[in-house]
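For reference, the structure discussed in these notes is given below.
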Amino acid sequence: MIPQFPVLYPDELVYSGLARYYIRTGYLAYSFVAEELFTSKSVRSNPEFLNSYTQEVMEWIEKMTSMDELVLQHTMFPYYGRFLPKMRKIKAFEALKSMTGNYHNLLPMPQTKDGHTRKLKYCPLCAADDREKYGETYWHRNHQILGITVCPVHKCCLRIGGVEISGKSSPSLVTAEEVIPETVEVATNVDELEIQLANYMSQVFLYPVQMGEVNIGAILGDRIASGYAHARNGQRAIASFHQKFMEFAGRIQGNWFTELWQLQKLLTNERINFFEICLLAMYLEMSVEELCTAGIGLRVEKSKRRKTENPQKSGAKPQNWQQIDESTLPMVREVIRELQGDIDRKPKRVTVFAVEKRLALPSKRISLYLPKCLREIKLHEETQEQVWAKQVVWAVKRLVMQGQPVTMKRIRILTNLRQAYIDASIPYLTQYADAPTLRQIEEIIIRRET
Ligand SMILES: [Zn+2]
Numbered sequence: 001m002i003p004q005f006p007v008l009y010p011d012e013l014v015y016s017g018l019a020r021y022y023i024r025t026g027y028l029a030y031s032f033v034a035e036e037l038f039t040s041k042s043v044r045s046n047p048e049f050l051n052s053y054t055q056e057v058m059e060w061i062e063k064m065t066s067m068d069e070l071v072l073q074h075t076m077f078p079y080y081g082r083f084l085p086k087m088r089k090i091k092a093f094e095a096l097k098s099m100t101g102n103y104h105n106l107l108p109m110p111q112t113k114d115g116h117t118r119k120l121k122y123c124p125l126c127a128a129d130d131r132e133k134y135g136e137t138y139w140h141r142n143h144q145i146l147g148i149t150v151c152p153v154h155k156c157c158l159r160i161g162g163v164e165i166s167g168k169s170s171p172s173l174v175t176a177e178e179v180i181p182e183t184v185e186v187a188t189n190v191d192e193l194e195i196q197l198a199n200y201m202s203q204v205f206l207y208p209v210q211m212g213e214v215n216i217g218a219i220l221g222d223r224i225a226s227g228y229a230h231a232r233n234g235q236r237a238i239a240s241f242h243q244k245f246m247e248f249a250g251r252i253q254g255n256w257f258t259e260l261w262q263l264q265k266l267l268t269n270e271r272i273n274f275f276e277i278c279l280l281a282m283y284l285e286m287s288v289e290e291l292c293t294a295g296i297g298l299r300v301e302k303s304k305r306r307k308t309e310n311p312q313k314s315g316a317k318p319q320n321w322q323q324i325d326e327s328t329l330p331m332v333r334e335v336i337r338e339l340q341g342d343i344d345r346k347p348k349r350v351t352v353f354a355v356e357k358r359l360a361l362p363s364k365r366i367s368l369y370l371p372k373c374l375r376e377i378k379l380h381e382e383t384q385e386q387v388w389a390k391q392v393v394w395a396v397k398r399l400v401m402q403g404q405p406v407t408m409k410r411i412r413i414l415t416n417l418r419q420a421y422i423d424a425s426i427p428y429l430t431q432y433a434d435a436p437t438l439r440q441i442e443e444i445i446i447r448r449e450t
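Counting in my numbering, the sequence shown runs from 1 upward without gaps.
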């Protein structure tokens with residue numbers, strides 16, 4: 001009699017769920033659980049994908065979700081598969097679902113170089129959140145994106161856990177709970193660009209995968225050509241674009257996408273790499289939606305013209321907005337926290353527009369499609385005068401903390417506000433300032449008036 005299989009958490013790798021199951025069984029040796037889960041008990045369980053499972057595991061999956069959803073929501077398929085040409089993408093998807101193993105040849109898997117093995121990554125703050133919410137933590141998918149170094153939710157550095165993704169270590173199933181310490185130092189000295197890229201990649205990763213044709217090289221190439229008019233003139237123009245792009249991309253830690261030939265291969269689809277595509281698209285200021293639906297819209301337009309009698313059948317897949325709403329909400333909360341500022345960061349006004357901009361979302365995305373995110377923003381909205389008041393209070397506190405004299409001039413410089421705005425904020429100061437801060441502000445105002 002098998003103990004209960006656990007239900008997978010949001011964005012959890014299947015591997016992680018099976019590892020949690022292993023712990024529940026209380027088996028002393030891995031071989032016992034391997035026999036129960038895998039059709040071949042000597043197989044190395046693949047943290048990123050699926051293995052060939054026994055009937056028991058298949059029944060567990062069936063009870064929980066469909067095979068399609070399992071691949072899309074609990075494996076790294078959206079990372080490796082999203083930008084593949086249609087037939088190759090469908091073949092890889094089917095191979096994964098049938099667990100036949102040849103998906104490795106169909107997906108652009110990274111080569112292991114110089115004995116360097118990839119390991120599962122984690123965010124110490126996500127782990128703490130999970131433990132508080134669920135009583136345990138788990139391996140999250142979006143931390144495993146290749147090239148991501150920062151948690152998109154917490155903006156701290158990801159850490160490397162001990163579990164090898166593809167390596168020669170003996171087969172095992174290791175839970176995140178066993179690997180991630182209860183207390184671990186959180187590194188937040190992160191470049192703004194790395195945060196922006198982590199956000200961008202994570203959103204592309206979570207965006208519903210379109211199974212239609214994608215010619216991503218042509219889409220990026222057109223975008224370069226439209227921004228750099230002379231780029232149509234061929235290779236020399238691409239080379240000059242590449243130089244400008246490098247000034248930007250060179251700031252990304254551990255970025256391997258640096259060579260001109262890599263860019264050329266990307267534009268001809270000889271090279272399909274999620275990280276490189278995202279980095280380039282972000283530089284070209286493409287929104288996440290534009291990138292994820294690019295090319296597909298064109299195809300839909302054409303097919304609509306052909307078969308207008310049945311538009312339902314030929315359109316793009318309907319978006320699962322509810323799911324996008326859920327998965328965007330933690331990022332929206334984080335952006336709100338960021339906009340509200342702290343002693344080092346000046347508070348800014350929380351608006352739908354500001355949040356959309358920071359998350360690189362198309363305008364109106366939140367108000368039209370993401371009701372939970374919208375509600376969260378509305379809860380934190382303030383008038384312009386209130387935000388000015390907050391900024392004045394922030395400036396006074398900061399000056400006091402730094403041991404500097406509190407003067408109107410210094411407040412104006414720190415807040416970058418005109419005197420008229422500071423005056424307009426006065427009625428709202430009491431909402432945000434404690435008694436000593438308030439007294440200090442009053443003194444300055446009185447001093448100015450006398
Ligand atoms: Zn995190």
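Where a beta carbon is used, it is the ideal one built from N, C-alpha and C, also for glycine.
Values in this document were obtained by computation on a predicted structure and should not be read as measured data.
Give me whichever residues DSSP pairs with Lys-121 in a beta bridge. The residue you call residue 121 lines up with position 121 of the sequence shown. As computed with DSSP, Lys-121 is found in a beta bridge with Ile-160.
With DSSP collapsed to three states, give me the class of Val-150. One-based indexing of the sequence shown puts residue 150 at position 150. Val-150: strand per DSSP, three-state reduction.
Would you check whether ligand 1 has a heavy atom nearer than 8 Å to the C-beta of Val-190? By 1-based counting over the sequence shown, the position of residue 190 is 190. False, no ligand heavy atom lies under 8 Å from that Cβ.
Please go through the same chain and pick out, in chain order, the residues whose beta-carbon is closer than 6 Å to the beta-carbon of Lys-265, but skip the five residues on each side of it. For the purposes of this step, residue 265 is identified with residue 265 of the sequence shown, where counting begins at 1. Excluding sequence neighbours, Lys-265 sits near Arg-271.
Does the beta-carbon of Gln-144 have 16 or more other beta-carbons within 10 angstroms, so that it is buried, or is it exposed? Stepping through the sequence shown from its first residue, residue 144 is reached at position 144. Flag for Gln-144 reads buried.
Using C-beta distances below 6 Å, list every residue in its chain close to Arg-141, excluding the 5 sequence neighbours before and after it, in chain order. The residue you call residue 141 lines up with position 141 of the sequence shown. So the qualifying residues of the chain are Asp-11, Leu-13.
Would you report the Cα separation of Arg-398 and Val-153, rounded to the nearest angstrom? Taking the sequence shown and counting its residues from 1, one reaches residue 398 at position 398. Taking the sequence shown and counting its residues from 1, one reaches residue 153 at position 153. About 27 Å.
Run the proximity test for Val-179: is its beta-carbon closer than 8 Å to any non-hydrogen atom belonging to ligand 1? Residue 179 sits at position 179 when you count from the first residue of the sequence shown. Answer for Val-179: no, Cβ out of range of ligand 1.
Note down, in chain order, each residue of its chain lying with its Cβ closer than 7 Å to the Cβ of Asp-325, except the 5 sequence neighbours on either side. By one-based count along the sequence shown, residue 325 stands at place 325. Within the same chain, Asp-325 has close Cβ partners Leu-370, Pro-371, Lys-372, Cys-373.
Just to check, is the beta-carbon of Val-359 closer than 8 Å to a non-hydrogen atom of ligand 1? Translated into the one-based positions of the sequence shown, residue 359 becomes position 359. According to the sequence as given, residue 359 is Leu; it is not Val. Checking every heavy atom of ligand 1 against the Cβ of Leu-359, none is found closer than 8 Å.
Close-in-space but distant-in-sequence residues of the same chain around Leu-70 (CB under 7 Å, 5 per side omitted): Here residue 70 corresponds to residue number 70 of the sequence shown, with the count starting at 1. Taken in chain order, the residues that qualify are Val-14, Ile-61.
Among Val-332, Arg-333, Ile-366, Trp-394, nearest to Arg-345 - alpha-carbon criterion: Position 345 of the sequence shown, counting from 1, holds the residue named residue 345. Comparing alpha-carbon positions, the option among Val-332, Arg-333, Ile-366, Trp-394 lying closest to Arg-345 turns out to be Trp-394.
Between the Cα of Gly-254 and those of Lys-91, Val-350, Glu-276, spot the shortest distance and give me the residue it belongs to. Sequence index remark: in the sequence shown, residue 254 carries index 254 (1-based). Comparing Cα-Cα distances from Gly-254 to each of Lys-91, Val-350, Glu-276, the minimum goes to Glu-276.
Ranges of the alpha helix (DSSP H) found wholly within the region 19–69, counting only runs of at least 4: Counting whole runs of 4 or more residues, the region 19–69 contains the alpha helix (DSSP H) stretches 30–37, 55–64.
Count the other CB atoms, across all protein chains shown, that sit within 10 Å of the CB of Lys-304; report buried if there are 16 or more and exposed otherwise. If you number the sequence shown from 1, residue 304 lands on position 304. Reliability of the predicted coordinates at Lys-304 is poor, the pLDDT of 40 falling under 50, and the value obtained from them is presented with this limitation in mind. By the Cβ neighbour-count rule, Lys-304 is exposed, with fewer than 16 other Cβ atoms within 10 Å of its own.
Going by DSSP, what residues sit across from Asp-140 in a beta bridge? Within the sequence shown, the letter at position 140 stands for residue 140. Looking at the sequence shown, residue 140 is not Asp but His. BP columns for His-140 point to Glu-12.
Check whether the region 162–182 and the region 122–140 touch, using three or more Cβ-Cβ pairs below 8 Å as the test. The region 162–182, when compared against the region 122–140, does touch it at the 8 Å Cβ threshold.
8 Å contact criterion, which Gly-161 and Lys-133 should meet: CB distance rounded: Residue numbering aside, residue 161 sits at position 161 when the sequence shown is read from its first letter. Residue numbering aside, residue 133 sits at position 133 when the sequence shown is read from its first letter. The Cβ separation is near 20 Å, so there is no contact.
Is the region 35–45 touching the region 63–81 in the sense that three or more CB pairs, one from each, lie closer than 8 Å? no
Could you tell me the alpha carbon to alpha carbon distance between Arg-223 and Glu-289, rounded to whole angstroms? Locating residue 223 in the sequence shown gives position 223, counting from the first residue. Locating residue 289 in the sequence shown gives position 289, counting from the first residue. Their Cα atoms are separated by approximately 15 Å.
How close, in whole Å, do the beta carbons of Val-427 and Val-387 come, if the pair is a contact with beta carbons under 8 Å? Sequence index remark: in the sequence shown, residue 427 carries index 427 (1-based). Sequence index remark: in the sequence shown, residue 387 carries index 387 (1-based). It should be noted that the sequence gives Pro, not Val, for residue 427. 13 Å between Cβ atoms; not a contact.
What residues in its chain sit with their C-beta under 7 Å from that of Val-186, if we drop five residues either side in the sequence? Translated into the one-based positions of the sequence shown, residue 186 becomes position 186. Around Val-186: Pro-124, Leu-125, Cys-156.
Comparing the CB of Cys-373 with every heavy atom of ligand 1, is any distance shorter than 8 Å? As a first step, residue 373 is located in the sequence shown; it is residue number 373 there, counting from the start. Answer for Cys-373: no, Cβ out of range of ligand 1.
Would you mind sorting His-104 into buried or exposed? The rule is 16 or more other CB atoms within 10 Å of its CB. Residue numbering aside, residue 104 sits at position 104 when the sequence shown is read from its first letter. Exposed, by the Cβ-count rule.
If you draw a straight line from the C-alpha of Leu-37 to the C-alpha of Ser-363, how long is it? For the purposes of this step, residue 37 is taken as the residue at position 37 of the sequence shown. For the purposes of this step, residue 363 is taken as the residue at position 363 of the sequence shown. In this structure, the alpha-carbon of Leu-37 lies about 46 Å from that of Ser-363.
Considering only the alpha carbon of each residue, which of Leu-96, Leu-291, Ile-252 lies closest to Ala-360? As a first step, residue 360 is located in the sequence shown; it is residue number 360 there, counting from the start. Nearest neighbour of Ala-360 by Cα position, chosen from Leu-96, Leu-291, Ile-252, turns out to be Leu-291.
Which same chain residues, not among the five before or five after Ala-19, have their C-beta less than 7 Å away from its C-beta? Numbered from 1 along the sequence shown, position 19 holds the residue referred to as residue 19. These residues qualify, in order along the chain: Leu-173, Val-174, Thr-175.
When you compare only the Cα positions, how much space is there between Gln-431 and Asn-416? Stepping through the sequence shown from its first residue, residue 431 is reached at position 431. Stepping through the sequence shown from its first residue, residue 416 is reached at position 416. Whole-angstrom Cα-Cα distance: 21 Å.
Under a three-way DSSP split, which group does Phe-5 fall into? The residue labelled residue 5 in the question sits at position 5 within the sequence shown. In this structure, Phe-5 counts as coil in the three-state DSSP scheme.
Within 10 Å of its beta-carbon, does Phe-77 have 16 or more other beta-carbons around it, so buried, or fewer, so exposed? As a working note, residue 77 is residue 77 in the sequence shown. Phe-77 comes out buried.
Starting from the Cα of Glu-283, find the closest Cα among Ala-294, Trp-261, Phe-248 and give me that residue. Translated into the one-based positions of the sequence shown, residue 283 becomes position 283. It should be pointed out that residue 283 corresponds to Tyr in this sequence rather than to Glu. Residue nearest to Tyr-283 within the set Ala-294, Trp-261, Phe-248 is Phe-248 (criterion: CA-CA distance).
My understanding is that Val-332 touches Val-355, with C-beta atoms under 8 Å, so please give their C-beta distance in whole angstroms. The residue given as residue 332 occupies position 332 in the sequence shown. The residue given as residue 355 occupies position 355 in the sequence shown. Contact holds; Cβ gap of about 6 Å.
Tell me the rounded alpha-carbon separation between Gln-419 and Ile-336. In the sequence shown, the residue the question calls residue 419 occupies position 419. In the sequence shown, the residue the question calls residue 336 occupies position 336. Looking at the two C-alpha atoms, the distance is approximately 27 Å.
Locate the alpha helix (DSSP H) running through Val-179, then write down its first and last residues. Here residue 179 refers to the residue found at position 179 of the sequence shown. Looking at the DSSP string, the run of the alpha helix (DSSP H) that includes Val-179 is 176–179.
Can you check which of these residues, Thr-188, Arg-251, Leu-263, Leu-279, is closest to His-242 by C-alpha distance? Against the sequence shown, residue 242 aligns to sequence position 242. Here the closest residue by C-alpha is Leu-263.
Starting from the Cα of Met-58, find the closest Cα among Ile-411, Ser-98, Leu-72, Lys-89 and give me that residue. The residue labelled residue 58 in the question sits at position 58 within the sequence shown. For Met-58, the nearest C-alpha among the options comes from Ser-98.
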